[in-house]
Structures are given as structure tokens and as C-alpha cells.
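One point on numbering: in the numbering used here, the residue at position 117 of the sequence shown is 756, and numbering is uninterrupted. All C-beta atoms in this analysis are idealised placements derived from N, C-alpha and C, irrespective of residue type, glycine included. If you're wondering where the values come from, they're calculated on a predicted model, not measured in any experiment. Just below is one structure, and these are the notes that go with it.
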Amino acid sequence: MQDYARELIAIVDTVAPRMLDIGEDRSARRPAPGKWSPREIVGHLVDSASNNHQRFVRAQSQDDLVFLGYEQDAWVAAQRYQEAPWRELVTLWAHFNRHLARVMAAVPPEVRDRPHRRHNLHQMAFRPVPEHEPATLDYFMRDYVEHLKHHVRQILGADAVA
């Protein structure tokens, strides 16, 4: 299993109980006008897991790493994550990411490490890859975990994950 897939499982196992400790009231508080509450951040992370699940599976049978994006603010609002029960959101997030770690681990190395000249990771990756440089599915999977860690830190603080 790749280091980032193991790290994803470790993060979920460590962070999910800490998230649940936040409770219903605090999870609904927005830190400032126009900023997402912890519920909305976790909802966004569920959307990210869902979108990336599709991408990671599809990438195994296509010749490029070109994927549809998504309008994150519109998705968060449309799904009313702000009104969703906190425990359900955290549980969904945790289970989905455990599954995603299994998907990552199942991708053969020759597929994960194959360079793709055609990609749109300059637009959709947390740490973009310049359009003129090749990208790999491995990079994209690693990037997914970094994106998740960024948002976990928003919820639990800078020391929540390494």
C-alpha cells in the first residue's frame, strides 16, 4: 500500500473521533461571513472524495488525466451541508475516505506512475502541475491527501495533521 493511502487511513482514524467531539453547535458555526462552517468543510471533503473516487477509477482506463471540475460553493449550498447532522457527515466522510484509500492501493504501479502529457491538473489539483509538464495519477492521489489535510487543519487547527 502506498504511503499516502496508509496516511489517509491514519488521518481518518485519528481525526474522525476528534471531529465528533466538536459537537452539533460548534460544527455549525461559521468563523466569518462568507467562510464555511466545519459542517460545510466536511461536506466539501465528501464531495472531493466523491469526485476523486470517479477520477481515480476512470484514470485507469483512459489515456489522459483530464477530468470534469465542480463548482464547490454551489455543491456545498445545493446539498445543504450546513443543515446536515454533524455525526452523519463525519461518518460518511470517514467511510468514504477509507474506501478511497483501498481504491488508491488497488491501482497497479504501472498505471499510477505512467506520465500523462495531457491533463488538467493545472486547474484542479490542490498543488497544480503546470500544463506543459507531464502528470501522474500517483501525484494526483498524493495531492488529494494534501487537500484533505489542509481542510482538516481548518477544522481542528494547524497541529491536527502533519
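About 5 Å separates the CB atoms of G708 and M763; that is less than 8 Å, so the two are in contact. For Q711, the enclosing alpha helix (DSSP H) has its first and last residue at Q711 to A717. Contact annotation: the stretch 763–777 does not touch the stretch 657–674, with fewer than three C-beta pairs closer than 8 Å. Exclusion of the five residues before and after R726 leaves L659 as the residues of its chain whose Cβ lies within less than 7 Å of its Cβ. About 5 Å separates the beta carbons of N759 and V705, which is inside the 8 Å limit, making them a contact pair.
Across the set L731, P724, M743 and Y783, the C-alpha of P724 shows the shortest separation from the C-alpha of E663. Counting the other CB atoms within 10 Å of its CB gives R697 a total below 16, which places it among the exposed residues.
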